[in-house]
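Accompanying notes for the structure given below.
Protein chains in written order, with the working numbering: chain A, 1 to 322; chain B, 1001 to 1524.
Quick look at the structure:
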């Protein structure tokens, strides 16, 4: 257990390094620069002022020097300064990262709960109307673009029925108690987390169904039934536990894409996460901010994947930490 | 301008009251605009519409322009030119305090003129400014190298560059990177209470506002949605009260206003008119020929662009000035009505007949920062192909468009946008003058057009202090710009504000989005 954790931590270092170098190169390959975007926005045309700003932003140095400086500052746990936001990169990200984390966690929770339940149900009632309905639903939610789903849910549940707010994370301008604030955030969270989660739930349902059917055919399940265990116990303790492994694999893989998917959902629900920050930063070629988000994002994904590996050990002790 | 002077003298009261009954005090107004969150609540050098929208609730200007294009006082009680128009005396309003309680004095104004406006926000516009002297705590004299027209100076002071910022906070710091720009402190009716990045900014009423009784609102919240459809939904769900600058998709406007719960208002944009223009790169042999440029203009059906791309919320432009500029606009310029045959004939005459199916090949760059530009680019490709020109269309993103059009000059024909104030110098003129050519500087002369007669006309405009003569000089400029056509507006956009019908007294100025909204009230 400890070995796997240490090994993971050591692996993160070259990963982060690769993320920095690759993205730095990619951003610099894209035409246009932060300097172009900012000076055009500010309509600065005085050549003297342009030179002064070039120096302030550090773009008057060779790209290799900029990269070396950036890596050096990351090694000292400093993600740099964003002139566009007029604040340190780390501070800006930390203001917005929690919102994205909450959204992702809630979406994963919904995806697992809905997906696994639906998959199990479909496998138990295989080839019945239930199975067909679940499969149909899975195909629908998998195929429906999440922004469309988000807008439809807004129209239905926020505009027509008025059950949920149309966007944002908190009711603005109301001072609440701590519990009130938590409930308020949860109220705002329902629609975006569902819109994001249903897409993943669809995959989970399909995988869970197939996996359940496969495991159900194995000898040990027959043995369990032969021993006279109740149907429910066989499904929960024997089939489901073993059928969970592919789901856990999938979960680890999809954490990264979920970060990407949240960009769209955050836009639709004006959720104050890092999605729009990342999007704006790419569009304005604001590389300290892009790199900052990606570095922290890759850290997050690496930590989540390590957690998934540990989960593997719990679920199937035959898998040894190597 | 005498009318402007009269408005200044007559004072603030009664200037822009709408007949909607006595204003009610209180309530929270939630507003947005048709764009994204700003990078910082206040961007000293400008930073585009988004920080302009958020900073002007906190910072004010000396004067402002009303919807009928008259100047009225805000922080200044009077701005009087000397006989020779080489100096101006500014009288400040007494008993104005900053949000931190310090008084606004002539020291602040001197600091703004010399250390903020001239070097940072106004740039070339105030090139002629020589000194600013405080005569007494409330009086400042600005001295200029050359005569400065009154309308011109007042436009600068009433414009985006004229925000008045506190000396005691900015003095000695780098104004552009000062962290206070994220929570600015001004003299305005609203104080920044909280900015939640990615979501909204909340303003609280400034109880010590100089204009007693105002603002009417207790709270002002500006929220941002990245998606126009989400803004429509927010309106319908009652969670958004007002949105400026095309907040929702055009087809939704009719649907929302049909319920009578919302109004669509097109007033309030004349001092920041938006234009979609076409630019011809004069560095390319073919587009250096005036006949070719004129032919291409004849090949464009501007009415189609206005009706189809903008759903009728735009109109075909005429000349270099926008229609809502009732002071300087003239109809007496060369127009280019849609006429494919004429376009083809002009191209033939210019020496570009059709050879094996094509006259020549050109690159068309349509700046992809507005969704409409994508459609216009696609339309123009069709339109130019109809006169047998092979078109290589590119619709790059913002950063790439800026680089291709304004830094690398890597285009033959470009579609771009700009916003223009009533005063044509420098925003409109710098597209045509030789000194407007600055490599790497966006939204100015990227075509490389240079005509001594044009330069001379504009330099005359800059120092002509007789308003009537100045207007005729602008007409002369417009005629030349339209007939030479190195760059011309295709359509004037008609921005729209969507508001709930119980939001009162909005859109009363020439640039409502950039006003403090002290007069806005809720009839609930």
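We put the CB at the ideal spot given by N, CA and C, even for glycine.
Since this is a predicted model, take the numbers as computed values, not measurements.
- Message: Here's the rule: buried if 16 or more other CB atoms are within 10 angstroms of the residue's CB, otherwise exposed. What is residue 1358 of chain B?
- Response: exposed
- Query: Beta-carbon of residue 1365 of chain B versus every beta-carbon of chain A: anything under 8 angstroms?
  - Reply: no
- From the DSSP output, in three-state form, read off residue 1112 of chain B for me. helix
- For residue 1322 of chain B, decide whether its Cβ has a neighbour in chain A, counting only Cβ atoms nearer than 8 angstroms. no
- Query: Mind pulling the chain B residues with CB within less than 9 angstroms of residue 2 of chain A?
  - Reply: None at all; the shortest Cβ gap to chain B is about 38 angstroms.
- What did DSSP end up calling residue 1276 of chain B once you bin it into helix, strand or coil? strand
- Message: Less than 8 angstroms between CB atoms is the rule here; does residue 77 of chain A satisfy it with respect to chain B?
- Response: no
- Item | chain A contact residues for residue 1237 of chain B, given Cβ-Cβ distances below 7 angstroms | 158, 159, 162, 166
- Query: Residues of chain A with a CB under 7 angstroms from the CB of residue 1227 of chain B: which are they?
  - Reply: 267, 268
- What's the C-alpha gap between residue 1031 of chain B and residue 1316 of chain B? 30 angstroms
- Item | CB contact check: residue 99 of chain A to chain B, cutoff 8 angstroms | yes
- Item | Rounded Cβ spacing between residue 1505 of chain B and residue 1519 of chain B (contact assumed at less than 8 angstroms) | 5 angstroms
- Item | residue 1194 of chain B, enclosing beta strand (DSSP E) - first and last residue | 1190 to 1196
- Task: Can you grab the Cα-Cα spacing for the pair residue 1306 of chain B / residue 285 of chain A, in whole Å?
- Result: 32 angstroms
- Query: Thinking C-beta only, is residue 1072 of chain B closer than 8 angstroms to residue 1079 of chain B?
  - Reply: no
- Taking 8 angstroms as the CB-CB limit, is residue 1223 of chain B close to chain A? yes
- Residues within the region 238 to 260 of chain A neighbouring chain B, beta-carbon criterion of under 7 angstroms: none
- Identify the residues that DSSP records as bridge partners of residue 1361 of chain B: which are they? B/1390
- Assuming residue 1243 of chain B contacts residue 1226 of chain B (C-beta within less than 8 angstroms), just tell me the rounded distance between them. Incorrect: roughly 14 angstroms between the Cβ atoms, too far for contact.
- Complete runs of the alpha helix (DSSP H) confined to the region 1413 to 1481 of chain B [at least 4 residues]: 1452 to 1463
- Whether residue 1309 of chain B touches residue 1409 of chain B by CB criterion (8 angstroms): no
- Does the Cβ-Cβ distance between residue 1398 of chain B and residue 1149 of chain B come in under 8 angstroms? no
- Is residue 1307 of chain B helix, strand or coil by DSSP? helix
- With 16 as the cutoff for other CB atoms within 10 Å, does residue 1517 of chain B come out buried or exposed? buried
- Return the chain-ordered ranges of every beta strand (DSSP E) run that is complete within the region 1016 to 1041 of chain B and spans a minimum of 3 residues. 1028 to 1033
- Message: Please report the straight-line C-alpha distance between residue 1368 of chain B and residue 1403 of chain B, rounded to a whole angstrom.
- Response: 12 angstroms
- Query: List, in order along the chain, the chain B residues whose C-beta lies closer than 8 angstroms to that of residue 151 of chain A?
  - Reply: 1227, 1229, 1230, 1233
- Item | Alpha-carbon to alpha-carbon, residue 1393 of chain B and residue 1208 of chain B | 56 angstroms
- Task: Please report how far the alpha carbon of residue 203 of chain A lies from the alpha carbon of residue 169 of chain A, in whole angstroms.
- Result: 27 angstroms
- Give the interface partners of residue 1182 of chain B over in chain A, defined as CB-CB distance under 7 angstroms, in chain order. 86, 87
- With a cut-off of 8 angstroms, do at least 3 Cβ pairs link the region 1407 to 1425 of chain B to the region 283 to 302 of chain A? no
- Query: Do residue 141 of chain A and residue 198 of chain A have their C-beta atoms closer together than 8 angstroms?
  - Reply: yes
- Buried/exposed call for residue 36 of chain A, threshold 16 Cβ in 10 Å: buried
- Query: Can you tell which of B/1170, B/1432, B/1090 has its C-alpha closest to the C-alpha of residue 1075 of chain B?
  - Reply: B/1090
- Residues from the region 3 to 32 of chain A in contact with chain B, defined by Cβ distance under 9 angstroms: 30, 31, 32
- Task: Would you kindly work out how many angstroms separate the C-alpha atoms of residue 1003 of chain B and residue 1123 of chain B, rounded to a whole number?
- Result: At residue 1003 of chain B the pLDDT is 41, less than 50, meaning the model places this residue with poor confidence; the figure from the coordinates comes in the next sentence. Distance between the alpha carbons of residue 1003 of chain B and residue 1123 of chain B: 28 angstroms.
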